[in-house]
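Chemist:
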Amino acid sequence: MSVTQPRTLDDLPHGGFGVEPSAGGGGAKKRRSTESISTWRWGDRIAYGMCWVAGISLCVIAAAIVGYMAVRGLQYLKPSLLWQHPSGEVDQSKSGGFLDPILGTVLLTVIGIGLATPIAVGTAVWVVEYGRPSWLARAVESGIEVVAGTPDIVLAIFGLALFQNGLFGWMSFTAEGGAVFGRSFMTAGAMMSLIALPMVYGATREGLQSIPRHMREASYGLGKTRIATIRRVLLPAVRPNISTGAALGMGRIAGDTAIVVILLGASLRLENEGSIPGLNVLKGTGSTLTSYVYNNSPAGEGNAAEKAYAAAFVLLLIVVGLNFAVDLIARRGAKTGLEGTRLGGR
Amino acid sequence: MTTRLRRLGVCAAAVGVLGATVPSMASATPVITMSGSTSVAPLATLLAKAYVKKNPGKVKFKLAQGGSDVGVADVAAGRVTIGNSSRDPKSSDPGGIFFNKIARDAICLVTNPSNPIANLSQDTIQAIFSGDVRDWSQVPGATATGTIDIVGRTAASGTQDAFQKIFMGSKTVTSSIAAKASNGLVQQAVQSDKNAIGYVSLDFINGVSPAGYNGVACNLRNAKSGEYGGVRNFWMVTRGRATGIVGKFIHWVQSSKAAQAIVGKHWVPLK
Amino acid sequence: MFERLRQPWSDQRAERMLGALACAVLVTIALMVLFVFKEAWPTLQHNGLVKWIGPGGNVDEQIGRMVNGDEDYHLRAWPLVWATLLTTGLAIALGTIFAVLAAIFIVEFAPDRVRAVLVPVVRLLAAVPSVIYGLIGILVLVPFVGNHIVTPGNKKSVEFVVQITGASLLVAVVILTVMIVPIMVAIIVDALYAVPRGWKEGAVALGVNRWRAMWTVSVRAARPAIIAAAVLASARALGEAIMLSMVSGSVGFAPNPFDGPLFFLEPLRPLASTIVEDAESLQAPAVRSSVYAFALLLLFSSLLLSIAGFLAKQPMKKYGARI
Chain A
1 MSVTQPRTLD DLPHGGFGVE PSAGGGGAKK RRSTESISTW RWGDRIAYGM CWVAGISLCV
61 IAAAIVGYMA VRGLQYLKPS LLWQHPSGEV DQSKSGGFLD PILGTVLLTV IGIGLATPIA
121 VGTAVWVVEY GRPSWLARAV ESGIEVVAGT PDIVLAIFGL ALFQNGLFGW MSFTAEGGAV
181 FGRSFMTAGA MMSLIALPMV YGATREGLQS IPRHMREASY GLGKTRIATI RRVLLPAVRP
241 NISTGAALGM GRIAGDTAIV VILLGASLRL ENEGSIPGLN VLKGTGSTLT SYVYNNSPAG
301 EGNAAEKAYA AAFVLLLIVV GLNFAVDLIA RRGAKTGLEG TRLGGR
Chain B
347 MTTRLRRLGV CAAAVGVLGA TVPSMASATP VITMSGSTSV APLATLLAKA YVKKNPGKVK
407 FKLAQGGSDV GVADVAAGRV TIGNSSRDPK SSDPGGIFFN KIARDAICLV TNPSNPIANL
467 SQDTIQAIFS GDVRDWSQVP GATATGTIDI VGRTAASGTQ DAFQKIFMGS KTVTSSIAAK
527 ASNGLVQQAV QSDKNAIGYV SLDFINGVSP AGYNGVACNL RNAKSGEYGG VRNFWMVTRG
587 RATGIVGKFI HWVQSSKAAQ AIVGKHWVPL K
Chain C
618 MFERLRQPWS DQRAERMLGA LACAVLVTIA LMVLFVFKEA WPTLQHNGLV KWIGPGGNVD
678 EQIGRMVNGD EDYHLRAWPL VWATLLTTGL AIALGTIFAV LAAIFIVEFA PDRVRAVLVP
738 VVRLLAAVPS VIYGLIGILV LVPFVGNHIV TPGNKKSVEF VVQITGASLL VAVVILTVMI
798 VPIMVAIIVD ALYAVPRGWK EGAVALGVNR WRAMWTVSVR AARPAIIAAA VLASARALGE
858 AIMLSMVSGS VGFAPNPFDG PLFFLEPLRP LASTIVEDAE SLQAPAVRSS VYAFALLLLF
918 SSLLLSIAGF LAKQPMKKYG ARI
């Protein structure tokens, strides 16, 4: 990479910034400017001070949040909480742990990403590789941006309107008078996939766009059709990008509360619906760590701050872990990326 | 293994799994759905659990909340099988529904534990909640100082209806009241604010200090004996007279000893 | 039968399938707007297309009457709209300043070790779920404000209108700012790095100090990115429901800026939080269509924001800065 190349950053949503400056990255780094701020005007000195305050306060705030959650979480987190079922008792010593919320989070994340990834990858492939007619491609791009900018609460309400229709009764539970409940893992998972969609789409699209043309041309030159090129050459090359996008999407799904509160029904435990094993869990209701924390906080019903802290700590660990995984994948992908495929690099 | 063999294996497994579920598919347990009052919810949960234990596999329960008015509206529209209501039938209720009384319950006036009040007369309560009296210094027996923070319930609540009817009579509650959506939230608000006063169902007085009403302390004994004045009814509302599985459940709640024993724990049984 | 599918697909078929997939995404979005509009239509019809956003009466009471099935209901949701405007506007204003300063710090002034810490920190902050921000807000900041900043005199002065506890505009804006700053910092840092070095070096060569060079050259060149960041962050702030419902007091009250410093201590409830809190009583038809009307308003706002951001960036294109 040349010295003046701007650092590119794919590892934060909608851009981000890289971590390590390249090792001999230009002589400018080796010698700090000898200018001292005592020569500056007062206004500039104040601005300099404010920049420092802004930067350091970000660190302090993050440390405070993580530190406080860690202190409180460890104070109230007993390992038994992780595998006990919750029960709706007012007495906290009997109200069990949060196994079901953890299962709910995992299940919802899997459903959401499972739905989002194929759709997002397919759409990105179509937009980058085909994209005819071009007004349609632009419309799809804008559409995905609209979804990215839509508040999750609006998506949740839309999901409710959509899935309370008789047509979608198979996705959840139908009450006696014919009213469709509309809330279940399947419906919540469908909406979760919408919020993860823009991330996977963006990551895949950037990955596809960064593959140099000569790889495609080499494949065409060998007589492969476009779809075969996509399947055998391009998709394996963008696997790290897809993984990054998927991990980002999973982080966002795991942390989302509004959709869960509205679309997952409000049962503390995983309540199954119907009797086909597997499908009955999907059609049933439950809770996730996020809705469990919300309900146990003073804003919800439980009034159990200790449980809320413990669950919030677990949630924080999960989300931080996912982001760490994003970092790892991105770094590993950058190293092996194109070189990992059979056609690239050698 | 060739791909064809692998594919055949997957198909066989899928058919096997589906086949194993066919017998259980034929007999899906009926579900009784309930929604409505947050005051009735703890009692309804206990009753449902006991009933399921007594009749395993015969019926399942789903419980939602939302407030008495939501329960009544839901059952009238057929969205749930039973609506829980903690207020008496109103003339504005939709038609075609039937109220089954299952228990009685006391409403307690509660204050923060740092400000215990032994007794409140009806006049004082009306003055406080209508906004005529705004400061703790004007309330006899109170040790707190400063503005009174009144906490109440939203319009959908049966407890709010009962409070209005029993305690407030014809006076209206001031609009600056903090309206909470459930008993639990009122309990929390009063617990965390030294200057707060509110009203909750008898089951929710943990962590707050109940005040006496017209000279009678608010506890289960006084409620059962009839001395305490602030007692209201709990109803399970059904669409038309309850029949079939729902009818059996409500009959069990109203007349079986076991059910009334459960009611007697925190609420006033029917007899 | 499976053999036919396993044969390599022709390009045309693949293009059509993938195109159908992409169109399905578009159709879903169009469906979303249509559904929300259809559900919101009764309220719009009953209250007049725009009048329901206006002021008039206590919105909590009005929603309460709707739950009871009152035929003669009307909705004047101005307190909720005003609350949304306040929280979003204040958070964006504060957040932009904070984010630009922090971005300049990261790009220019931070020693290498501090930068190596700060970058993962920003990424971490962007990833923390909003319910955790809300939890810390409601368990730490709200009692702090309620016990130490709110004075009895404050409470007395508004006792006829609303109750002041710690849950207030102040806590809401502070936490919302902390939530949106990491998103903005990421984008602005990206843009600052992309400014050609020659531009800044030219300024420094002319004797300008580092801060001024950053401010007058790089930040100015990165203005489109700052706007894009602000648009993105405001979309997030508009839709923030859970955290705000936990810390902002849940009262449909329109804080009055003429109350002076008391303005920041008054409780409020933005549109998104109202949707979450009223989602339980969604069965009453009037409440249902009102809630969908709120959602429609939010949807329109985020669409308008994107368009506004796009339009605001247009005149800046001629400076040749990276958009």
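Chains as they are written, first to last, in our numbering: chain A, 1 to 346; chain B, 347 to 617; chain C, 618 to 940. Backbone N, C-alpha and C define an ideal beta-carbon position, used for all residues, glycine too. Remember, it's a predicted structure, so these values are computed and weren't measured experimentally.
Would you say the beta carbon of residue 73 of chain A is closer than 7 Å to some non-hydrogen atom of the ligand COA?
Modeler: This structure does not include the ligand COA; it has no bound ligands of any sort.
Chemist: Assuming the contact rule is C-beta atoms closer than 8 Å, residue 474 of chain B and residue 592 of chain B should be a hit. Round their C-beta distance to whole Å, please.
Modeler: About 41 Å separates the two Cβ atoms, so there is no contact after all.
Chemist: At the level of alpha carbons, what is the spacing between residue 57 of chain A and residue 732 of chain C?
Modeler: Between residue 57 of chain A and residue 732 of chain C, the C-alpha separation is close to 13 Å.
Chemist: Could you name the residues of chain A that residue 841 of chain C contacts, counting a contact when the two beta carbons are closer than 7 Å?
Modeler: The contacting residues do not exist; residue 841 of chain C stays about 13 Å from chain A at best.
Chemist: Quick one: grab the DSSP three-state call for residue 726 of chain C.
Modeler: helix
Chemist: Near residue 459 of chain B, which residues of its chain fall below 6 Å by C-beta distance, leaving aside the five closest residues on each side in sequence?
Modeler: Excluding residues within five positions, the ones whose Cβ falls inside 6 Å are 555.
Chemist: I need the straight-line Cα distance from residue 226 of chain A to residue 918 of chain C, nearest angstrom please.
Modeler: 41 Å
Chemist: Looking at C-beta atoms only, is the number of pairs between the stretch 878–895 of chain C and the stretch 302–314 of chain A that lie closer than 8 Å three or more?
Modeler: Contact fails: fewer than three Cβ-Cβ distances are below 8 Å.
Chemist: Given a threshold of 16 other Cβ atoms within 10 Å of its Cβ, counted over all protein chains shown, does residue 597 of chain B qualify as buried or as exposed?
Modeler: exposed
Chemist: From the beta carbon of residue 657 of chain C, is the nearest beta carbon of chain B less than 8 Å away?
Modeler: no
Chemist: To the nearest angstrom, report how far apart residue 153 of chain A and residue 301 of chain A are at their CA atoms.
Modeler: 21 Å
Chemist: Here's the rule I'm using: 16 or more other beta-carbon atoms within 10 Å means buried, otherwise exposed. How should residue 833 of chain C be labelled?
Modeler: exposed
Chemist: In chain C, which residues lie less than 8 Å from residue 323 of chain A when you measure between Cβ atoms?
Modeler: 740, 741, 744
Chemist: Give me the subset of the stretch 288–303 of chain A whose CB atoms are less than 9 Å from a CB atom of chain B, sorted by chain position.
Modeler: Contact residues of the stretch 288–303 of chain A toward chain B are 298, 299, 300, 301, 302, 303 (C-beta to C-beta distance below 9 Å).
Chemist: Does residue 926 of chain C come out as helix, strand or coil in the three-state DSSP assignment?
Modeler: helix
Chemist: Please compile the residues from chain B whose C-beta is within a distance smaller than 8 Å of the C-beta of residue 271 of chain A.
Modeler: 408
Chemist: Per DSSP, residue 584 of chain B forms a beta bridge with which residues?
Modeler: B:444
Chemist: Output the distance between the C-alpha atoms of residue 465 of chain B and residue 706 of chain C, rounded to the nearest integer angstrom.
Modeler: 48 Å
Chemist: What residues from chain B crowd round residue 266 of chain A, counting only those whose CB sits closer than 7 Å?
Modeler: Correct list: 410.
Chemist: Just to confirm, are residue 855 of chain C and residue 830 of chain C a CB contact at a threshold of 8 Å?
Modeler: no
Chemist: With DSSP collapsed to three states, give me the class of residue 164 of chain A.
Modeler: In the three-state reduction of the DSSP assignment, residue 164 of chain A falls in the coil class, being assigned neither a helical nor a strand state.
Chemist: What's the gap between the Cα of residue 254 of chain A and the Cα of residue 808 of chain C?
Modeler: 29 Å
Chemist: What is the DSSP secondary structure of residue 499 of chain B, counted as helix, strand or coil?
Modeler: strand
Chemist: Spell out whether any CB of chain C is found under 8 Å from the CB atom of residue 127 of chain A.
Modeler: yes
Chemist: Using a threshold of 8 Å, state whether the C-beta atoms of residue 679 of chain C and residue 524 of chain B are closer than that.
Modeler: No; because the gap between Cβ atoms is not below 8 Å, this pair is not in contact.
Chemist: Measuring straight from C-alpha to C-alpha, what distance separates residue 340 of chain A and residue 238 of chain A?
Modeler: Because the pLDDT of residue 340 of chain A is 45, which lies under 50, any placement of that residue in the model is unreliable, and the question is left without a value.
Chemist: Tell me, please, whether the CB atom of residue 495 of chain B is closer than 8 Å to any CB atom in chain D?
Modeler: Annotation note: the requested chain D is absent from the structure, which comprises protein chains A, B and C.
Chemist: Mind checking the stretch 536–565 of chain B against chain C and listing, in chain order, the residues whose C-beta falls within less than 8 Å of any C-beta there?
Modeler: 538, 539, 541
Chemist: At what residues does the alpha helix (DSSP H) containing residue 268 of chain A begin and finish?
Modeler: Per DSSP, residue 268 of chain A belongs to no alpha helix (DSSP H) and is neither H nor E.
Chemist: Chain A beta carbons: is any one of them nearer than 8 Å to that of residue 829 of chain C?
Modeler: yes
Chemist: Just confirm the distance between the C-beta atoms of residue 264 of chain A and residue 291 of chain A, as a whole number of angstroms; I'd bet it's less than 8 Å.
Modeler: 7 Å
Chemist: Which residues, in chain order, does the stretch 581–608 of chain B contribute to contact with chain A at a C-beta distance below 7 Å?
Modeler: none
Chemist: Could you have a look at residue 641 of chain C and say whether DSSP puts it in helix, strand or coil?
Modeler: helix
Chemist: Quick check on residue 371 of chain B: buried or exposed, where buried means 16 or more other Cβ atoms within 10 Å of its Cβ?
Modeler: Summary for residue 371 of chain B: the model assigns pLDDT 39, below 50, so the residue's position carries little reliability; its value from the coordinates is reported in the next sentence. Exposed, by the Cβ-count rule.
Chemist: For residue 932 of chain C, collect the residues of the same chain with a Cβ closer than 7 Å to its Cβ; drop the 5 residues on either side in sequence, then sort them by chain order.
Modeler: none
Chemist: Taking any Cβ of chain C, which residues in the stretch 133–150 of chain A have a Cβ under 9 Å from it, in chain order?
Modeler: 136, 137, 139, 140, 142, 143, 144, 145, 146, 147, 148, 149, 150
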